[in-house]
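Residue numbers (UniProt numbering): 1 to 1093.
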């Protein structure tokens, strides 16, 4: 409640800081302490004690150490970075500590009228009067409804109604007034601003939902693989394990079952890479990047209002590539929402058309002569009208014409601002009101000013002031403000004597609507003074009630709004936005179905439908549903369905019981040709009832386009929810006004257009821009690219991780199921962190199959996204099978290449680390080549990422396998006498030759050739002699080479190695174990890779 006469407020972020009363003191809780006992000081000894400490943290080190450990996870650092960007605490401090706050970005321009009560407004700025004011306010408890407020002010024994027009909300700024005094009703978290700052509903994409299912499947598959390997370990321990106790000592009591149990959990750790831990971080980075593309797209920037496109969320980008249904508002979304008074009908006569001397109607062009309004000194020079007959009727002072424009000048909520002498500026909440008041102004009925209880206008040069007795508010349910409203609503409340005039006016309205004009009917009623005073008393009682105030007021409105007398109707032009027909045509070619949900009458909506190519003449048929009863609506829906698919009615709607139960998902039905459906608000109310909603949905979904007329905001949301519930499709809702908010929130994706009706729709949306035509670029370009990139990323991510993990699985069958890893530790650590992270992110951020121009030329490219063809359960399992095949090749070909194989200089390469180096190198090359095959669009960044990753890999590998690293980190080379062989440059070179051989063999028709054949292909100048003995005897496989090695030998070292070999061979003969001995110019013994454990 405030004290001023004329205030306009704009949603921005200025708020006067209100000082508390002098007698108001802050309250703070008192701290208490227990005084029953006092803690005594203890003398601490300086000597060492026998105390131990096993805790990880103490009071002082917990925070820094724990934070350090937490940020070892890159994901935590990433989310902290996002929180820092949001500056939440800094914004809170600014709001709480500044007298005036400005929250940048709301850009609310919708001005609303707020007026003080006369009893308080008369106090003005007199501090003494304000201090002596004695009153009591009773109001509803804090809530989040911005459009309503119920309260009463009791002063001097009188009750005054307080509603939404009498309060200022936190977060608003005053316009057209310099100051106000107010009483604080709610503060802090109780304000409506903070009440509306609840948790936003998190929208999940279809890919997210699929990912949850796949991750659960992956967990199950991980458990299966670990179980197989654990069972294998149990069998190996039972059959072979006891023979290795001399080399692998174990604790007493450790049997095969315990070993298998421990092995299961060991393999859970080793094979954990099959579960995409880093997947979600990478997904969020890709989504963030694609969101920036939308924000930076200059093709979606509207220069006239300086409005760029904005991705208000980063979690729904790929969902834009799967849209099947678009629900659109009409006014302000398809049209410009810039209203122009075009035509009218008064007392049965139509005005606005131009005729020649023969009575033929002429087309209005720019050259058509306009009306001269110079007789009115307050006319608006921007106003254009062509029919001189209406001006002549005004000058002739026809009573009906004067009453018509007087009504337009009085019944509204527009505010007038006079900047200079005679220069009026109207500020209206509704563009329709602004257009009607401007028309009345130019025809001689000029609205000048208003107070809380009066309205001043100038009638044909004479200023008059009218007392404002009561306001019967407009809302989207009533669809009227007293005597001005929708024709269907006004007609229901007309007196019987207006039947003939109503028929003529209806003909004119249909003509106007056929031209795509917005129509409103005007009426009036003469009230008896005694009746009015009695009604006014009841109105005051209802308006001061705290319970069911709205219901009681609606009853009083209905009581007085009957037996009205019709004056005429107005026709306002709202032109289509640029590019709307082309956008709808493109979206239709992309198999996107568009439903228009509008509050306009049926004829207007149909005309707009034809104008924007939503409805086309070449359509087979356009069905109209206008039944006034449930049975009539059901019959019309069945007739329409029977016309589209004659054999479908009985099979789809066999009985009422089947309709009530209904299927969980309605599948699309094929029809012959293209059809349209138009349904009005009354029929839609019946169609949305529980027993008929499926019938309506099935019929509507068979049509190419659907138009719902005269719908309420609630019905808009119900239609969207109906499609979401029963159709396996992604929905998008787009609108520009507060009446579209419920629809925008109900859809999978909400798009707000920043237009003439404020920012409510934008603030509730996921994406926003200034023009409807930008929707085609959002969907056909950004949406399709985002979906394609995300699907390719997921397929490749699973491929590279599964291939990496499956090699571990196959290796388990050759290492005694001992949970030994194939790759070295550095490769395991850096594989997802460095070697493959940037290449896959580059594909997810830069890849595109066609450019934006081709996306517009071929809109059918959008269809695969609607059908989930790029990533689904089937695509995932194909990827898993591909990974399984690749892992088999990547493991067995290197295994066969190094088994029992020596280089030309006689040195063997069949050691663990050389095999690991060969396998991991082949793996990295394979996943990089697969990335190149998946990539459709190579950029310099992608090339740098791929080649850079390979360069980093070889730099790390040559560093880690150098002689110097062996001296620094000997534990990194765990096998006896293999360090120097794996770390020497010549050994690495031999592995590189094996890599080239691997890729040469992989291109051959049989990459999985028998190992012996592969060994024959690689072993030049070698001889394989195999000695086999009966079971229970020592089996020795030896290969003797007579290659000349001219390098000098160390006699002492050679003698020591021969002694070691002899000692180990004696042990083997005693234990009857199976090993493989390779004899060269100097005797050495190594473990066969096939028997590693």
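Here a beta-carbon is modelled for each residue, glycine too, at the ideal position from N, C-alpha and C. For clarity, every value in this text was computed on a predicted model and none was experimentally measured.
Item to check | Stretch pair the region 285–302 + the region 252–270: three plus CB contacts closer than 8 Å | outcome: Counting Cβ pairs under 8 Å, fewer than three are found: no touch.
Item to check | Contact set for residue 380: own chain, Cβ-Cβ below 7 Å, skip 5 residues either direction | outcome: The residues are 438, 441 and 442.
Next on the checklist: To the nearest angstrom, how far is the alpha carbon of residue 467 from that of residue 414?
Outcome noted: Spanning the two alpha carbons is a distance of roughly 16 Å.
Checklist entry - Between the Cα of residue 852 and the Cα atoms of 363, 862 and 313, which residue gives the shortest distance? => result That would be 862, whose Cα lies nearest to the Cα of residue 852.
Checklist entry - How do the region 635–650 and the region 543–550 stand: do at least 3 beta-carbon pairs fall below 8 Å, yes or no? => result Judged by Cβ distances under 8 Å, the region 635–650 makes no contact with the region 543–550, as fewer than three pairs qualify.
Item to check | Residue ranges of each alpha helix (DSSP H) within the region 145–200, 4 or longer | outcome: The region 145–200 contains these whole alpha helix (DSSP H) runs: 192–195.
Checklist entry - Smallest Cα separation from residue 426: which of 113, 887 and 823? => result Selected option, being the one with the closest Cα: 113.
Next on the checklist: Going by C-alpha to C-alpha distance, which of 184, 934 and 378 sits closest to residue 169?
Outcome noted: When the alpha-carbon of residue 169 is set against those of 184, 934 and 378, the nearest one is in 184.
Item to check | Inter-residue spacing [alpha-carbon to alpha-carbon] between residue 54 and residue 265 | outcome: Confidence at residue 54 is low in this model, with a pLDDT of 48, below 50, so its placement is unreliable and the value that follows should be read with caution. One C-alpha to the other measures close to 26 Å.
Checklist entry - In whole angstroms, what is the alpha-carbon distance linking residue 217 and residue 551? => result Rounded to whole angstroms, residue 217 and residue 551 show a C-alpha spacing of 54 Å.
Item to check | Alpha carbon of residue 843 to alpha carbon of residue 759, nearest angstrom | outcome: Residue 843 and residue 759 have their alpha carbons spaced roughly 36 Å apart.
Checklist entry - Per DSSP, what kind of secondary structure is residue 465 in: helix, strand or coil? => result Of the three classes helix, strand and coil, the one that applies to residue 465 here is strand, per DSSP.
Checklist entry - Is the beta carbon of residue 823 less than 8 Å from the beta carbon of residue 718? => result Contact: no.
Item to check | Neighbour-count burial assignment, residue 710, 16 or more Cβ in a 10 Å radius | outcome: Looking at its Cβ environment, which holds 16 or more other Cβ atoms inside 10 Å, residue 710 is buried.
Item to check | Start-end ranges of the alpha helix (DSSP H) lying completely within the region 205–241, minimum 4 residues | outcome: You should have 206–239.
Next on the checklist: Whole angstroms are fine: how far does the CA of residue 618 sit from the CA of residue 936?
Outcome noted: So the alpha carbons of these two residues sit roughly 39 Å apart.
Checklist entry - Taking one C-beta from the region 570–579 and one from the region 354–363 each time, how about it: are there three or more such pairs within less than 8 Å? => result A contact between stretches requires three or more CB pairs, one per stretch, nearer than 8 Å, and the region 570–579 fails this requirement with the region 354–363.
Checklist entry - So residue 764 packs on residue 752, CB below 8 Å; how close in whole Å? => result Contact flag correct, Cβ pair sits at about 7 Å.
Next on the checklist: Between the alpha carbons of residue 867 and residue 345, how many angstroms are there, rounded?
Outcome noted: Roughly 51 Å separates the two Cα atoms.
Checklist entry - Since residue 616 and residue 699 are thought to touch, with beta carbons under 8 Å apart, how far apart are those beta carbons, to the nearest angstrom? => result Taking C-beta atoms under 8 Å as the contact rule, residue 616 and residue 699 fail to qualify, at a distance of about 19 Å.
Next on the checklist: I'd like the list of long-range same chain contacts for residue 568, defined as Cβ closer than 7 Å, with 5 residues on each side in sequence excluded.
Outcome noted: Cβ within range, chain order: 344, 345, 346, 347, 404, 505 and 522.
Checklist entry - Under the rule that 16 or more other beta-carbon atoms within 10 Å means buried, what is residue 360, buried or exposed? => result Exposed is the call here.
Item to check | Cβ shell of residue 312 (< 7 Å), same chain only, five flanking positions each side left out | outcome: Taken in chain order, the residues that qualify are 765, 766, 767 and 768.
Item to check | Bounding residues of the beta strand (DSSP E) (the contiguous stretch that carries residue 752) | outcome: Where residue 752 is concerned, the enclosing beta strand (DSSP E) stretches over 749–753.
Checklist entry - Just curious, the alpha helix (DSSP H) that residue 349 is in, first and last residue? => result Counted as a single uninterrupted DSSP element, the stretch harbouring residue 349 is not any alpha helix (DSSP H) but the beta strand (DSSP E) occupying residues 349–351.
Item to check | Simplified DSSP assignment, three categories, for residue 669 | outcome: The answer is coil: DSSP assigns residue 669 none of H, G, I, E or B.
Checklist entry - When DSSP labels each residue in this structure, what does residue 114 get in the three-state scheme? => result Strand.
Next on the checklist: So, under 8 Å CB-CB, residue 924 and residue 950 are touching, yes? Tell me the CB distance rounded to an integer number of Å.
Outcome noted: The Cβ separation is near 7 Å, so the contact holds.
Checklist entry - Out of curiosity, what's the CA-to-CA distance linking residue 723 and residue 671? => result Cα-Cα distance, rounded: 19 Å.
Checklist entry - Taking just the CA atoms, how far does residue 913 sit from residue 1043? => result The predicted model places residue 1043 with a pLDDT of 33, which falls under 50 and marks its position as unreliable, so this point remains unresolved.
Next on the checklist: Taking the alpha-carbon of residue 152 as reference, which of 137, 807, 145 and 690 has the nearest alpha-carbon?
Outcome noted: Closest by alpha carbon: 137.
Checklist entry - Are residue 613 and residue 584 closer than 8 Å when you measure CB to CB? => result A contact, by the Cβ cut-off of 8 Å.
Item to check | Element boundaries [alpha helix (DSSP H), containing residue 870] | outcome: Premise fails: residue 870 is in no alpha helix (DSSP H) and is neither H nor E.
Next on the checklist: Contact between the region 326–341 and the region 790–797 is defined here as three or more beta-carbon pairs at a separation below 8 Å; is this criterion met?
Outcome noted: Result no; under three Cβ-Cβ pairs closer than 8 Å.
Checklist entry - Skipping 5 residues on each side, what residues in its chain have a beta carbon closer than 7 Å to that of residue 846? => result Contacts found: 937, 939, 941 and 942.
Next on the checklist: Mapping the DSSP letters down to three states, classify residue 132 as helix, strand or coil.
Outcome noted: Residue 132 sits in a helix when the DSSP states are folded into three classes.
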